[in-house]
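For the sequence shown, this note's numbering gives the first residue as 279, with consecutive numbering after it.
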Amino acid sequence: MLVGGIEAGGTKFVCAVGDQTGKIIAKTSFPTEGPDETFQEVKRFFADYSLEAIGIGSFGPVDLDKTRATYGTILNTPKLKWKNCDVLNRLKTDFQLPVYLDTDVNAAALGEYKYGAGKDAGSCLYITVGTGIGAGFVKDGKTYIGKNHPEMGHILVQQREDDKFAGNCAYHGSCLEGLASGPAIEKRYGKKGNLLADQQDVWELEAYYLAQAIMNYYLILSPERVIIGGGVMKQEQLYPLIQEKVLELMNRYVAIENIEDFIVAPNLQDEQGIKGAIALTLRDKGV
Numbered sequence: 279m280l281v282g283g284i285e286a287g288g289t290k291f292v293c294a295v296g297d298q299t300g301k302i303i304a305k306t307s308f309p310t311e312g313p314d315e316t317f318q319e320v321k322r323f324f325a326d327y328s329l330e331a332i333g334i335g336s337f338g339p340v341d342l343d344k345t346r347a348t349y350g351t352i353l354n355t356p357k358l359k360w361k362n363c364d365v366l367n368r369l370k371t372d373f374q375l376p377v378y379l380d381t382d383v384n385a386a387a388l389g390e391y392k393y394g395a396g397k398d399a400g401s402c403l404y405i406t407v408g409t410g411i412g413a414g415f416v417k418d419g420k421t422y423i424g425k426n427h428p429e430m431g432h433i434l435v436q437q438r439e440d441d442k443f444a445g446n447c448a449y450h451g452s453c454l455e456g457l458a459s460g461p462a463i464e465k466r467y468g469k470k471g472n473l474l475a476d477q478q479d480v481w482e483l484e485a486y487y488l489a490q491a492i493m494n495y496y497l498i499l500s501p502e503r504v505i506i507g508g509g510v511m512k513q514e515q516l517y518p519l520i521q522e523k524v525l526e527l528m529n530r531y532v533a534i535e536n537i538e539d540f541i542v543a544p545n546l547q548d549e550q551g552i553k554g555a556i557a558l559t560l561r562d563k564g565v
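This is the structure in structure tokens:
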């Protein structure tokens, strides 16, 4: 059985054909233009394959409430050409196939859960730390969607006393994304994170904020594994710093056995999003 997957990002679209084992048969990517141009490229790629369904993990905000008339529509995005674009019905019309929609980060969480670093866990939280910060939660093979899809990057964290940075979030200033995303690092220090690799104080502060977030997520969701990816996490020195600070913050209130196995890196080589999009098509089949 071949299915299609779409990782719909604000900068680029990734399309792939694969099977239920997570094997990628073919893959392409192209810049995200307006909806008409972008979906024409999607149609061109999938035209050579006989598919049973398509899964899409989309940038947002996207309406995932099936009771609303706007279900499947991208809402108040800064990408103005995509505002009010009905992604779900556009794909259904173009392909006449079942289409399964979720957020990009939920799809990435599902990819790691089924095929990657979370495949031996009953539940996992996937956090991406890059241009923005987002997180998706999967339990028993299902992604979590509430009244709206979770926006875990915008939680409030305690700012360290010696950090006077005002924050970089246009909506909340010093929320998690405003303090710890890639653009926040660059604005605070005047350099991109990859140029600060040898400055321990930079990553100590970054770990301080990410550890607070993980503690909060853990106390609310109790995931069996936390997987952290994204461009900022290419600084691999962050993992032991975060692990240490999470234990400090927990202060033995909740026991975490084997912290190195609890907070981990992704292992799908940046394919968790597209593999998760493919996995979306298999949820209702119990695969």
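For each residue, glycine too, the CB sits at the ideal point set by N, CA and C.
It should be emphasised that the depicted structure is a prediction, and the values quoted were computed from it without experimental measurement.
- Inside the segment 430–470, DSSP marks whole alpha helix (DSSP H) runs of 4 or more residues at positions 454–458 and 460–467, from first to last along the chain.
- DSSP places A491 in the helix class (H, G or I) of the three-state scheme.
- Just measuring C-alpha positions, the residue of Q513, G312 and D548 sitting nearest I463 is Q513.
- Shown here, E315 sits in a helix according to DSSP, grouped into three states.
- Y349 is the residue among Y495, F540, G508 and Y349 whose C-alpha sits nearest the C-alpha of Y378.
- Rounded to the nearest whole angstrom, the C-alpha separation of Y422 and I498 is 13 angstroms.
- Checking the DSSP bridge columns, you'll see R503 partnered with C402.
- If you ignore the 5 residues before and after C363, its C-beta comes within less than 8 angstroms of the C-beta of P313, T351 and I352, all in its own chain and listed in chain order.
- Within the same chain, K290 come within 6 angstroms of P309 by CB-CB distance, once the 5 residues on both sides are set aside.
- Of the residues assessed, A533 falls on the exposed side of the cut-off, its CB having fewer than 16 other CB atoms within 10 angstroms.
- Sequence-distant Cβ neighbours of G300 in its own chain, meaning closer than 6 angstroms and more than five residues away, are Y393 and K553.
- If the five residues before and after I433 are omitted, its C-beta is found closer than 7 angstroms to the C-beta atoms of C453, L454, A491 and N494, all from its own chain and listed in chain order.
- In the three-state scheme derived from DSSP, where H, G and I count as helix and E and B as strand, A485 is classed as helix.
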